[in-house]
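Since the structure comes first, as C-alpha cells, the remarks are kept for the end.
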Amino acid sequence: MKLKQTAAACGMTAAALLGVCAPAQAQISGDVIRIGFITDMSGLYADIDGPAGVEAIKMAIADMGGAINGKKIELLVADHQNKADIAATKAREWFDTQGLDMLIGGTSSGTNLAMAKIASQKQKPFMSVGAATSALTNDQCTAYTAHWAYDTVALAKGTGNAVVKSGGKTWFFLTADYAFGQQLQDDTSAIVKAAGGTIVGSVKHPLSANDFSSFLLQAQSSKAQILGLANAGGDTINSIKAANEFGVTKTMKLAGLLMFINDIHSLGLKATQGMYLTDSWYWNRDPEARAWSRKFFEKVKRMPSSIQAGDYSATLHYLNAVKASGTDDGTKVMAQMKKTKVNDMFAKNGYLRDDGRMVHDMYLMQVKTPAESTEPWDYYKVATTFKGDEAWTTKAESKCPLWK
Amino acid sequence: MDIFGIPIQAFAGQLLLGLVNGSFYAMLSLGLAVIFGLLGIVNFAHGALYMLGAYAAWIGMDSFGLNYWASLIVAPLVVGAIGVVIERTLLKHLYKIDPIYGLLLTFGLALIAEGVLREKFGVSGQQYPVPELLQGATNLGFMILPNYRGWIIFASLTICLGTWFLIERTRLGAYLRAGTENPALVQAFGINVPVMVMLTYGAGAGLAAMAGVLAAPVIQVTPLMGSQLIIIVFAVVVIGGMGSILGSILTGLALGLIEGLTKVFYPEASNIVVFVIMAIVLMVRPAGLFGKEK
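Protein chains in written order, with the numbering used here: chain V, 14 to 417; chain W, 17 to 310.
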C-alpha cells in the first residue's frame with residue numbers, strides 16, 4: 014500500500030515535472046522521510062507532551078502536505094515510560110532497521126541524553142523538545158542535537174532573577190531526586206546567589222512521591238521566604254496542593270521552576286493565582302499562536318502546552334530544511350536548519366546555535382486570579398519577555414566544545 | 017530538647033504525618049489481607065479500586081452534585097458492586113487453579129482501568145476540594161495540623177477496627193473464618209459459601225474505594241494514584257503476613273511512622289525504606305511478622 018502510494022506520488026510528480034522525480038529519489042533515503050517520536054505516552058508527563066504531542070507533529074506534517082517532492086512523510090511513535098534504556102533501544106532499532114531520518118525527543122531529561130548520543134553516532138538530527146536539562150547543549154552537546162523549547166538554565170534565569178528582584182532573598186528547595194531536579198536546583202541556586210539571594214536549605218523527594226506534607230513541614234521550619242519547586246508534573250501539583258493545605262503558602266511564596274499550563278489547569282486558579290513561572294510559549298500570546306491553538310484544541314480538546322507547540326515547530330523547521338536542501342541526509346539537513354531562522358507560531362527570529370540551542374524569547378508569566386481569567390485556559394499574564402540572547406547559557410558559561 | 021538533632025516538636029509533627037500515611041497503608045492492606053485470606057487471590061487490582069473510589073467521588077461531585085459525605089457512602093457501594101461483578105464473572109473461575117492466574121488477571125484489570133481513565137481524563141488529574149466542615153487547621157502546639165488530616169486518622173482507624181471486630185468477634189466473621197479453613201464443611205452446614213466469597217470481594221473493593229475517597233481531597237485524583245501506592249501496600253502486607261487482619265493494620269501504621277521518620281533523617285531513602293524492611297523480614301520470618309507458617 015505504502016509502496017503504491019509512493020509510486021503514484023512519484024508518477025504524478027514525474028508527469029508534472031518531467032523526470033524530476035528520479036534525481037530526487039536518490040536524495041531521500043528509502044523514498045520516505047521517516048520521523049520518530051519517543052516520549053512519555055502514559056506516565057506522569059503524558060499530558061504535557063504524550064499523545065497530544067503526536068497530534069502536534071501530525072499537524073506539522075499535514076501543513077507540509079504530507080509529502081515533500083512527492084516523498085511521503087511518515088511518523089513512528091514509541092512510549093519510553095521515562096526509562097532511558099527503553100528510549101535508547103528504540104532509537105537504535107529505528108535508526109538501524111527502519112531507516113529513521115530524524116528523531117524527536119519528548120519529555121524526561123535522562124531519556125533525551127541517551128537518545129542524543131545515539132542520534133549523533135548515526136549522524137541524524139535529534140530534535141529534543143520536551144527535555145529540560147541544559148546538559149544537552151552544554152557538556153553533552155552534539156553536532157546533531159537541536160534543543161528546542163526550554164532548558165533548566167532558561168527556567169532558572171527567568172524565575173530565579175524575577176523572584177529575587179521582587180524581594181524573595183532567601184530560598185528553600187523542594188527537589189525531585191533525579192538528574193533533572195538536581196540540575197534545576199543547581200542552575201537556580203547559581204542565579205539566586207548571583208542576584209544577591211541566599212539558599213537556606215533543600216530537601217530531595219523521590220519521583221512520584223505519594224505524600225509531600227513531611228517535606229513541606231521541613232521547608233516551613235527553614236523560615237525561608239521562597240519555596241523553589243525543582244520538580245515537575247504530578248509532583249509539582251501535589252506539592253502545591255499540600256502547601257496550600259498546610260498553610261505554607263501563608264508564610265512562604267512558591268516559585269514553580271518547571272510548570273506547564275496543564276499543571277495550572279489541573280490545580281485551578283484558586284490554588285495557583287499570583288505564582289510566577291517561566292515558559293517558552295503561551296497559546297494566548299499572540300493571534301498566530303491563538304489561531305494554531307484553536308486548531309489544536311479541536312483535535313485534542315485541550316489547549317497546547319509549550320512542549321506540544323515546540324513539537325510542531327521543530328518538526329516544521331526540519332521538514333522545511335529537507336525541502337530546501339532536497340535531501341534527508343542528516344549532516345546536510347542539520348546545516349540547512351542552522352542556516353535558516355525559525356519563524357512560526359512558536360518562535361520569532363529563532364536560530365540554532367552551534368551548541369544545538371534553539372535561541373528564542375522566553376517569558377516570565379504570572380498566573381491570573383480567577384477574576385482576571387476571561388475564558389477557559391486563559392491563565393497567564395506575560396510579566397517579562399526575556400530576549401533570546403539573555404535567556405540562555407552564555408558562551409562564557411558553556412563547556413560545549415562545538416561552540417568555542 | 018532535641019532527638020537526633022531534630023527539635024522534639026518537629027519530630028512529633030513528622031510522626032503524626034507518618035500516622036496519616038500509615039492510615040492509608042492500613043486500610044488498603046487490610047482489604048488485601050481479607051481478600052487473600054478468604055479467596056486466596058493476590059488482588060493486584062486493589063490500587064485500581066482505590067483509584068476508582070477517588071474517581072467515583074470526583075465524578076459524583078462533578079456530574080451529580082454529590083457532596084463528600086454522600087460520596088463516602090456511595091463510592092464504596094459503586095466500586096463494591098464493580099467488585100461483585102468482577103468476582104462473579106472472572107475471579108470465581110480461578111479459585112481452583114494456581115494463584116498466579118488470579119494475580120495476573122487482577123493486574124490486567126488494573127491496567128485496563130488505569131488506561132481507560134487515562135484516556136478519558138489525562139494524567140494531570142482532577143481537583144477534589146476538602147469538605148467545608150473539615151477545612152482549616154488546628155494548632156496542636158507542636159504543629160499546625162489541617163483538620164482534614166486529623167479526620168483521615170480518625171476515619172481510617174474506625175474503619176480498620178470495625179472490620180477487625182466484624183471478622184474476629186462476630187458470628188458472620190466466624191463463618192468467614194471457617195469458610196477460609198474448610199469451605200466444603202461450612203457449605204455442608206447450610207451456609208452459602210459462594211455468596212459469602214462474592215460479598216467479601218465486594219467489601220474488600222469497597223474498603224479500597226473508601227480509602228480512595230478519603231485520599232481525594234489531599235492528593236490529586238489521577239489514574240496513576242493507585243499504582244503509585246499499591247506496591248508499598250503489597251510490601252506492607254508481606255511484612256505483616258498475608259491474610260493476617262490485625263497484622264496488616266498494625267504493620268500499615270508502623271510503616272507509615274517509619275517512612276515518616278525516614279523523610280526527616282534521609283529523605284532520599286523514603287521510597288525504599290519499606291522494601292528494605294520487607295527484605296529483612298522475609299529473611300528472618302518468611303511468613304511475615306504476624307503470619308502463620310503453613
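C-beta: ideal position from N, C-alpha, C; glycine also. Here the structure is a predicted model, which is why all the values come from computation and not from measurement.
Measure the alpha-carbon distance for V:T353 versus V:R366 and round it to whole angstroms.
Taking the straight line joining both Cα atoms gives about 11 Å.
If we define contact as Cβ-Cβ less than 9 Å, is W:Q236 a contact residue for chain V?
With 9 Å as the cut-off, W:Q236 counts as an interface residue toward chain V.
With 9 Å as the limit, tell me which residues of the segment 192 to 221 of chain V have their beta carbon closer than that to any beta carbon of chain W; keep them in chain order.
Correct list: V216, K217, H218, P219, L220, S221.
Please list the segments of the beta strand (DSSP E) lying wholly inside the segment 33 to 70 of chain V, counting only runs of 3 or more residues, in order along the chain.
Here the runs fully enclosed are 45 to 52.
Taking buried to mean at least 16 other C-beta atoms within 10 Å of its own C-beta, is V:M128 buried or exposed?
By the neighbour-count rule (16 or more Cβ atoms within 10 Å), V:M128 is buried.
Do you know offhand how far V:V436's Cα is from W:A171's?
Since the first residue of chain V shown is 14 and the last is 417, residue 436 of chain V is not available in this structure.
Report the rounded CA-to-CA distance for W:V213 versus W:E197, giving the unit in angstroms.
When rounded, the distance between both Cα atoms is 13 Å.
Could you tell me which residues DSSP pairs with V:A189 in its beta bridges?
For V:A189, which the question treats as bridged, DSSP gives the partners V:H218.
Let me know the secondary structure DSSP gives V:K15 once reduced to three states.
A caution first: V:K15 carries a pLDDT of 45, below 50, which makes its placement in the model unreliable, though a value can still be read off. Residue state, collapsed to three classes: helix.
Determine the chain V residues that contact W:N287 at a beta-carbon separation under 8 Å, and present them in chain order.
Here the neighbours are P219, A222.
Check V:L229 in the structure and name its three-state DSSP category.
Helix, per DSSP.
Would the beta-carbon of V:H160 fall within 9 Å of that of V:T124?
No.
By DSSP, does V:Q238 sit in helix, in strand, or in coil?
Three-state DSSP puts V:Q238 in coil, outside helix and strand.
List the residues of chain V whose Cβ lies closer than 8 Å to the Cβ of W:V280, in chain order.
Those within 8 Å of W:V280 in chain V are S227, Q231.
With a cut-off of 9 Å, does the C-beta of W:G29 fall near any C-beta of chain V?
For W:G29, the answer is yes, since a Cβ of chain V falls inside 9 Å of its Cβ.
Using a Cβ cut-off of 8 Å, pull out every chain V residue sitting near W:E284, in sequence order please.
Near W:E284 (Cβ distances below 8 Å), the residues of chain V are D190, K217, P219.
Could you work out which residues of chain V lie near W:N37, taking near to mean beta carbons separated by less than 9 Å?
Those are N223, D224, S226, S227, listed as they occur along chain V.
Go ahead and pull the three-state DSSP assignment for V:D292.
In the structure shown, V:D292 sits in a strand (DSSP, three-state: E or B).
The alpha helix (DSSP H) spanning V:K178 covers which residue range?
Where V:K178 is concerned, the enclosing alpha helix (DSSP H) stretches over 174 to 178.
Give the range of the alpha helix (DSSP H) segment to which V:S122 is assigned.
V:S122 -> alpha helix (DSSP H) spans 122 to 135.
For V:L57, would you say it is in contact with chain W, using Cβ-to-Cβ distances shorter than 9 Å as the test?
Chain W, which has a Cβ nearer than 9 Å to the Cβ of V:L57, makes this yes.
Can you have a look at V:E403 and say buried or exposed, based on whether 16 or more other CB atoms are within 10 angstroms of its CB?
Burial call: exposed.
Which full runs of the alpha helix (DSSP H) of 4+ residues lie inside the segment 220 to 291 of chain W, going along the chain?
Entirely contained in the segment 220 to 291 of chain W, the alpha helix (DSSP H) runs reaching 4 residues are, in chain order, 241 to 256, 261 to 281.
Sort V:I253, V:G173, V:A162 by Cα distance to V:W184 and report the nearest one.
Ranking the options by Cα distance to V:W184, first place goes to V:G173.
So with CB distances below 7 Å, who are the chain V contacts of W:I160?
Those are F259, G260, listed as they occur along chain V.
Indicate the three-state DSSP secondary structure (helix, strand or coil) for W:I89 in the structure shown.
Looking at W:I89 - three-state DSSP - the assignment turns out to be helix.
Name the chain W residues whose beta carbon is nearer than 7 Å to that of V:D60?
Ordered by position in chain W, the residues that pass the 7 Å Cβ test against V:D60 are G138, V139, S140.
Against chain W, with Cβ distances strictly below 9 Å, would V:G418 count as a contact?
This structure gives no information on residue 418 of chain V, because the portion of chain V shown stretches from 14 to 417.
Could you check whether V:G246 and V:I61 sit closer than 9 Å to each other, using their CB atoms as the reference points?
Closer than 9 Å, so yes.
Which residue wins for smallest C-alpha separation from V:L267, given the options V:H278, V:M288, V:G339, V:F259?
Per the Cα distances, V:M288.
Can you pull the chain V neighbours of W:L245, defined as C-beta to C-beta under 9 Å?
Within chain V, the residues near W:L245 are N223.
Please name the residue in W:F158, W:L149, W:L48 whose C-alpha comes closest to that of W:A251.
Of W:F158, W:L149, W:L48, the residue nearest in Cα terms is W:L48.
Take the Cβ of W:V132 as the centre, count every other Cβ of all protein chains shown within 10 Å, and call the residue buried at 16 or more, exposed below.
Its Cβ having fewer than 16 others within 10 Å, W:V132 is exposed.
Between which two residues does the beta strand (DSSP E) holding W:G307 run?
Neither: W:G307 is in no beta strand (DSSP E) and is coded neither H nor E.
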